[in-house]
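Asks:
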Amino acid sequence: MSIALYDIAVPSFKQHLDALDAILDKAAAYAEAKKIEPDALFNARLYPDMYTLRKQVTSACDFAKLCVGRLAGITPPKHDDSEKTFADLKRRIAETMAVLDSVTPEQMAGAEDKPFVIKAGPRELNFTGRDYLLHFALPNFYFHCATAYGILRHNGLDVGKRDFMRRLQPA
Numbered sequence: 160m161s162i163a164l165y166d167i168a169v170p171s172f173k174q175h176l177d178a179l180d181a182i183l184d185k186a187a188a189y190a191e192a193k194k195i196e197p198d199a200l201f202n203a204r205l206y207p208d209m210y211t212l213r214k215q216v217t218s219a220c221d222f223a224k225l226c227v228g229r230l231a232g233i234t235p236p237k238h239d240d241s242e243k244t245f246a247d248l249k250r251r252i253a254e255t256m257a258v259l260d261s262v263t264p265e266q267m268a269g270a271e272d273k274p275f276v277i278k279a280g281p282r283e284l285n286f287t288g289r290d291y292l293l294h295f296a297l298p299n300f301y302f303h304c305a306t307a308y309g310i311l312r313h314n315g316l317d318v319g320k321r322d323f324m325r326r327l328q329p330a
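Written as C-alpha cells, this is what we have:
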C-alpha cells in the first residue's frame, strides 16, 4: 500500500501549525501577565547565530506553503516578513493554513517522481517530489517549529510535549 504525498504533507503541516498558533496564544498571555515586552520574545533565540522566534515561525510557514505549492504546481503567496506582533505571526499562520486548505490531493497526485530543483543560497538541490517532501521540507519545517517552541520554553513559557503535538490525529 502506498501513501499519497498529500496525506503525508498537508495533515502534518496543519497539525504543527495549529500547535504553533496555540503556543503563540500562550506566549502572548505570558508576556502580558509577566509584563514582558513582546519584542523580547520575538527577538529571542537559542544561540546567537540562530534565527529569532519571529524568523522561526515565518520559516515554518514558508516551508509548509512552498512545499505544498511546489508539489501541487501552484504559486503560494509571498510574504514580506514584516510581522511585529503575536497577532501578525498568527495571521501568517492563518494565511499558510489557507494555502494548505486550498490544495487538493488531486493537485499533488503524481508529484512523487517529479524532479525538483531548489535554490539554497548559491547551491542548487535536486530532488524528486518524494525526496523533497520527506528529506528536505518536512525536516526543515519540524526544525523551525521545534526551535520556536524551544525558544519560548527557554524563556519561561509553561508548555510541554502536548502543546507541541497539539492533537495526535489530524482534523
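Numbering (my numbering), first residue to last: 160 to 330. We put the beta carbon where it would ideally sit given N, CA and C, even for glycine. Since the model is a prediction, treat every value here as computed from it, not as a measurement.
(1) Once the 5 residues before and after residue 234 are set aside, which same chain residues still bring their CB inside 7 Å of it?
(2) Let me check understanding here. Comparing Cα to Cα, which of 289, 246 and 179 lies closest to residue 305?
(3) In chain order, what residues of the same chain have a beta carbon less than 6 Å from the beta carbon of residue 285, not counting five sequence neighbours either side?
(4) With a floor of 3 residues, list each beta strand (DSSP E) that falls wholly inside the stretch 220-271, ordered by position along the chain.
(5) Measuring alpha carbon to alpha carbon, tell me which residue in 184, 195 and 248 is nearest residue 215.
(6) What residues in its chain sit with their C-beta under 7 Å from that of residue 255, if we drop five residues either side in the sequence?
(7) Sorted by chain position, which residues of the same chain lie with C-beta nearer than 8 Å to residue 318's C-beta, five sequence neighbours on each side aside?
(8) Expressed to the nearest angstrom, what Euclidean distance is found between the alpha-carbon atoms of residue 230 and residue 203?
(9) Look up residue 284 in the DSSP assignment and say whether it is helix, strand or coil.
(10) Is the number of C-beta pairs between the stretch 281-298 and the stretch 256-266 that are closer than 8 Å three or more?
(11) Write down the C-beta distance between residue 167 and residue 292 rounded to the nearest angstrom, noting that I regard them as a contact closer than 8 Å.
Replies: Let me spell this out:
(1) 228
(2) 179
(3) 276
(4) none
(5) 248
(6) 176, 220, 223 and 224
(7) 182, 185, 308, 311 and 312
(8) 33 Å
(9) strand
(10) no
(11) 6 Å
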